[in-house]
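Engineer: Have a look at this one before I ask anything.
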Amino acid sequence: MPFSFFLFCSLRAKRQAPHQLAARQGGFTLIEIIVGMVVLSISLSIVSTLIAPTEQKSADQILQVKAAELGQSFLNDISARAFDENSDMAGGRIRCDDTSVGALDCTDAVDFGTEAGEITRDLFDDVDDFNNYELKFNADGQGLHPSYANFTIKVEVIYDGASLGLAARAAKKITVTITTPLDTEIKFASHKANF
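Numbering (my numbering), first residue to last: 33 to 227.
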């Protein structure tokens with residue numbers, strides 16, 4: 033009897049196996065495929081919205097480094113000029129507003145900007161000539177490198193001796209504002225004292 037029971041079970045398994053095997057080989061239904069595609073498209077759109085800002089921030093960091101180089105270049109160039117039109121251009125003995133040697137008054141803040149004949153940057157001889165300067169030229173007076181094509185440069189010069197503990201007109205604050213192509217505005221500032 034044990035042998036016949038074994039034979040019965042094996043025959044029964046053979047009869048059921050094709051039916052069970054066919055059930056296991058069934059594919060996806062059309063509804064399952066559509067639901068899968070919808071879930072996949074939603075997840076891809078979420079992932080892409082997370083990646084795009086990261087990519088922009090990565091590019092912005094590179095642009096900020098370039099802006100720092102450009103801003104420092106402008107500050108160095110401007111600071112190398114004389115303090116005022118009425119100061120000794122050699123950077124020496126006569127300073128504007130120095131009553132002890134009978135020097136001329138320093139330029140009024142409302143008159144900051146270029147004087148007659150100073151039409152190009154290489155002719156600027158004092159710091160306040162750069163007030164409201166917005167042209168895109170590098171420190172050598174040459175056009176900016178093409179990689180700086182979409183950078184915006186603006187210079188502002190004001191009297192600011194008080195913040196240094198000096199007389200108001202004893203120092204000028206130079207502020208260079210660089211705006212990157214991604215509209216990140218970076219300000220660089222320095223003082224030029226009347227010494």
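In this text, a Cβ means the ideal position worked out from N, Cα and C, and glycines have one as well.
Just so we're clear, the structure is a prediction, and the values are computed from it rather than from any experiment.
Could you pull the DSSP bridge partners for Leu222 from this structure?
Structural biologist: Position 190 of the sequence shown holds residue 222. Note on identity: in this sequence residue 222 is Ser, with Leu being the wrong assignment. Beta-bridge pairing links Ser222 to Ile206.
Engineer: Does DSSP classify Glu188 as helix, strand or coil?
Structural biologist: By one-based count along the sequence shown, residue 188 stands at place 156. Three-state DSSP puts Glu188 in a strand.
Engineer: Within 10 angstroms of its Cβ, does Ala225 collect 16 or more other Cβ (buried), or is it exposed?
Structural biologist: On the sequence shown, residue 225 is found 193 positions in, with the first residue counted as 1. So Ala225 counts as exposed.
Engineer: Leaving aside the five residues before and after Ser179 along the sequence, list all residues of the same chain whose C-beta is less than 8 angstroms from its C-beta, in chain order.
Structural biologist: As a first step, residue 179 must be located in the sequence shown, where it is residue number 147. Around Ser179: Lys98.
Engineer: Using a Cβ cut-off of 8 angstroms (strictly closer), state whether Lys205 contacts chain B.
Structural biologist: Here chain B cannot be found, since the structure has a single protein chain.
Engineer: Phe309 and Arg127 look like a contact to me (Cβ under 8 angstroms); what is the Cβ gap, rounded to whole Å?
Structural biologist: The structure shown does not extend to residue 309, since the chain is modelled only from 33 to 227, so the question has no answer here.
Engineer: Return the chain-ordered list of same chain residues with a C-beta closer than 7 angstroms to the C-beta of Glu166, the five sequence neighbours on each side being excluded.
Structural biologist: Here residue 166 is taken as the residue at index 134 of the sequence shown, counted from 1. Result list for Glu166: Ile185, Lys186, in chain order.
Engineer: So, are the CB atoms of Thr152 and Asn118 less than 8 angstroms apart?
Structural biologist: Taking the sequence shown and counting its residues from 1, one reaches residue 152 at position 120. Taking the sequence shown and counting its residues from 1, one reaches residue 118 at position 86. The criterion of a C-beta distance shorter than 8 angstroms is not satisfied by Thr152 and Asn118.
Engineer: Do you know whose CA, among Asp143, Phe106, Phe162, lies nearest Ile210's CA?
Structural biologist: By one-based count along the sequence shown, residue 210 stands at place 178. Of the listed residues, the one whose Cα sits closest to Ile210 is Phe106.
Engineer: What does the alpha-carbon distance come out to for the pair Gly197 and Ser222?
Structural biologist: Numbered from 1 along the sequence shown, position 165 holds the residue referred to as residue 197. Numbered from 1 along the sequence shown, position 190 holds the residue referred to as residue 222. So the two alpha carbons sit approximately 15 angstroms from each other.
Engineer: Look up Ala99 in the DSSP assignment and say whether it is helix, strand or coil.
Structural biologist: Residue 99 sits at position 67 when you count from the first residue of the sequence shown. Helix.
Engineer: Asn170 by DSSP, collapsed to three states: which one?
Structural biologist: Within the sequence shown, numbered from 1, the residue matching residue 170 stands at position 138. With a pLDDT of only 47 at Asn170, under 50, the local geometry of the prediction cannot be trusted, and no value is derived from it.
Engineer: Skipping 5 residues on each side, what residues in its chain have a beta carbon closer than 6 angstroms to that of Ile218?
Structural biologist: Position 186 of the sequence shown holds residue 218. Within the same chain, Ile218 has close Cβ partners Ala99, Ile210.
Engineer: Do Gly145 and Asp161 have their C-beta atoms within less than 8 angstroms of each other?
Structural biologist: As a working mapping, residue 145 is identified with position 113 in the sequence shown. As a working mapping, residue 161 is identified with position 129 in the sequence shown. Going by C-beta atoms, Gly145 is nearer than 8 angstroms to Asp161.
Engineer: Where does Asn163 land, buried or exposed, given buried means 16+ other C-beta within 10 angstroms?
Structural biologist: Taking the first residue of the sequence shown as 1, we reach residue 163 at position 131. Looking at its Cβ environment, which holds 16 or more other Cβ atoms inside 10 Å, Asn163 is buried.
Engineer: Is it buried or exposed, Thr212, if we count other Cβ atoms within 10 angstroms and call 16 or more buried?
Structural biologist: The sequence position of residue 212 within the sequence shown is 180, counting from 1. Label assigned to Thr212: buried.
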